[in-house]
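Have a look at the structure below, then the notes.
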Amino acid sequence: MKQILLSTLLTGVLFVPGSNAQSTKKSAPKTLYSTIIAMDKKVFDAYNNCDLDKFEDYFTRDVEFLHDRTGRTESRHDLMKTMKSLCENGGMHRELVNAKIYPLDFYGALEIGTHRFYKTVKGKKQSAGTAKFINVWKLDDEEWKIARVISYDHD
30 MKQILLSTLL TGVLFVPGSN AQSTKKSAPK TLYSTIIAMD KKVFDAYNNC DLDKFEDYFT
90 RDVEFLHDRT GRTESRHDLM KTMKSLCENG GMHRELVNAK IYPLDFYGAL EIGTHRFYKT
150 VKGKKQSAGT AKFINVWKLD DEEWKIARVI SYDHD
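Here it is in structure tokens:
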């Protein structure tokens, strides 16, 4: 009987939300928001300047990118081929319109928002459209990287 009671108590301790056995350090919402928005800025500063080395560093090796018009990209290597081609053709400029950030306990964060793109044609900045996006950010060894992207509702 004592063994059953001890087993039950230990099981309860191990699976209680917030116990040290299963919890990760959870950022305060404002801190998490600031962190992810700062990371978003770094990613898209690299994107806007065609800094391919920096841009690549912000994604996991197995990143998956789903785009409602161009389909699925299944790796960082393939994403970088697309980025290189984009930069060779004049590049694009992205502006964040809005974003909401949600914690993903034990993993990272979810960023859901809208962004606007521009291209330069004959020296003039022209709208290339607006789209919605979902980025799944992974926190691994205190380093934030994008693991999944869904880009949709392009106008």
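Take any residue in the sequence shown, count from 1 to its spot, add 29: that is its number in the working numbering.
Where a beta carbon is used, it is the ideal one built from N, C-alpha and C, also for glycine.
DSSP links Tyr131 through a beta bridge to Leu139. Within the region 47-129, the complete alpha helix (DSSP H) runs of at least 4 residues fall at 58-77, 81-86, 105-117. For Glu172, the enclosing beta strand (DSSP E) has its first and last residue at 172-181.
Leaving aside the five residues that flank Ile163 on each side, the residues in its chain whose CB is nearer than 6 Å to its CB run, in chain order, Ile141, Ile179.
Rounded to whole angstroms, the gap between the alpha carbons of Glu117 and Val165 is 28 Å. A residue is called buried once 16 or more other Cβ atoms fall within 10 Å of its Cβ, and Phe135, having fewer, is exposed. Residue state for Lys151 is assigned as coil, using DSSP reduced to three classes. When the Cα atoms are used, Asn77 and Lys71 turn out to be separated by approximately 10 Å. For Leu168, the CB contacts under 6 Å within the same chain, skipping 5 residues up- and downstream, are Gly137 in chain order. As the crow flies, the alpha-carbon of Asp69 is around 17 Å from that of Glu93.
Take Ala128, set aside five residues on each side of it, and the residues of its chain with a beta-carbon closer than 6 Å to its own are Glu140, Gly142, in chain order. Cα atoms of Thr159 and Thr111: separation of roughly 19 Å, rounded to the nearest angstrom. For Arg105, the number of other beta carbons within 10 angstroms of its own is at least 16, and it is reported as buried. Non-local C-beta neighbours of Met121 in its own chain, meaning closer than 8 Å and more than five positions away in sequence, comprise Tyr76, Asn77, Leu115, Phe146, Tyr147, Lys148, Ala157, ordered along the chain. When secondary structure is reduced to three states using DSSP, Asp184 falls in the coil class, being assigned neither helix nor strand.
Exclusion of the five residues before and after Val126 leaves Gly142, Thr143, His144, Arg145, Thr159 as the residues of its chain whose Cβ lies within less than 8 Å of its Cβ.
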